[in-house]
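Everything on this sheet refers to the single structure shown next.
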Amino acid sequence: MDNGIKRVPVNIVKLTPDARTPTYGSRWAAGADLYSAQDCVVPAKGKYCVSTDLQLEIPQGYYGRVAPRSGLALKNFIDVGAGVIDSDYRGILKVLLFNFDSDDFQVRKGDRIAQIIIERIAHGEFIEVNRLIETDRNMSGFGSTGV
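Going by the UniProt record's numbering, the sequence shown opens with residue 1, and the numbers climb by one from there.
Encoded structure:
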C-alpha cells in the first residue's frame, strides 16, 4: 500500500548469517532499524563500534544518516556518533555507540542498536562575501531562543 513516502532502492550484502536486513518499525517511520551482528559490551562512560555485518549501496544523490534509537537513549543513555554513510562507501556498516551511563551496556546479536535514514543530498555553494544579511537573531547563539 502506498503511503506517499518515496521509496529509494538500497542494495545490501549480508556478510554473515548474523546480519539482518534493516526494518521499519511502523508505516510512517523515518528510520529503518539497524541490528547488531555481534555480542559486545559498550563500557560505562565509553564507546564501542558495533558491526552490523552489512554492506550498503546507497544511490548517488543520497546518503544514510545513522541516528540513535529513542528508547536506548531514554532508558540506557546510549547515543550514536559518526553517523554519515556516503553513497560511495562500500565497507562494513558499523555503528559507533556511546554509553553515557555509569553501568556497562550489553549488546546481543539481533539487538536493534540504531536507525538509518536515507536522505537526499544538497551541496552548499560556499561564496565568500564581505558581510552577511542581518537578522533579528544576528549573532545570538546557544540558548538564545529559549530552552
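C-beta: ideal position from N, C-alpha, C; glycine also. Please read all numbers here as calculations on a predicted model, not as lab measurements.
A direct Cα-to-Cα measurement between TYR89 and GLU134 gives close to 39 Å. SER51 sits in a strand when the DSSP states are folded into three classes. Straight across, the Cα-Cα distance linking ILE127 with ILE92 is about 36 Å. For ALA73, the enclosing alpha helix (DSSP H) starts and ends at 70-76. Per the DSSP secondary-structure output, ASN99 pairs in a beta bridge with ILE78.
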